[in-house]
Amino acid sequence: MTDHESNPIHPYDPLDEETLFIVTQTFKALSDPTRVRILHLLADREISVTEIAETLSLSQSTVSHQLRFLKNLRLVKFRRAGTTIYYSPEDQHVMNLLKQSINHALHD
Numbered sequence: 105m106t107d108h109e110s111n112p113i114h115p116y117d118p119l120d121e122e123t124l125f126i127v128t129q130t131f132k133a134l135s136d137p138t139r140v141r142i143l144h145l146l147a148d149r150e151i152s153v154t155e156i157a158e159t160l161s162l163s164q165s166t167v168s169h170q171l172r173f174l175k176n177l178r179l180v181k182f183r184r185a186g187t188t189i190y191y192s193p194e195d196q197h198v199m200n201l202l203k204q205s206i207n208h209a210l211h212d
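Numbering (my numbering), first residue to last: 105 to 212.
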């Protein structure tokens, strides 16, 4: 037994399979440059698929595909107004992680 294992102040609390899966999928989402660009764009306001595509110079099908991935992980949510769908962040924890990662990259 190591000192860390025998120290009751620092017990090891293993992650259950579901938590481990969600964490790895979240980092997978953040490992894709297109998804990071989309999330960064959504950080300040709700925005439509068309606006995302135009702002990031991407096809609407690419944007829709990436938003579906992010929505399945509950990282973004949507609101329908007529025929237009608007997206915004759903998980502020992940948005904070993204913001901190960007700040880290800018201050190296």
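Note that the Cβ used here is the ideal one computed from N, Cα and C, for glycine as well.
Item                                                                                            : Value
Length-filtered (4 minimum) alpha helix (DSSP H) runs lying within the region 105-157           : 107-110, 121-134 and 137-146
Which listed residue (Arg184, Leu210 and Ser135) has its alpha carbon closest to that of Phe173 : Ser135
Extent of the continuous beta strand (DSSP E) to which Thr187 belongs                           : It is not in any beta strand (DSSP E) - Thr187 carries neither H nor E in the DSSP assignment.
Simplified DSSP assignment, three categories, for Ser192                                        : strand
Sub-8 Å separation of Leu171 and Val153 beta-carbons                                            : yes
Alpha carbon of Thr166 to alpha carbon of Ile113, nearest angstrom                              : 48 Å
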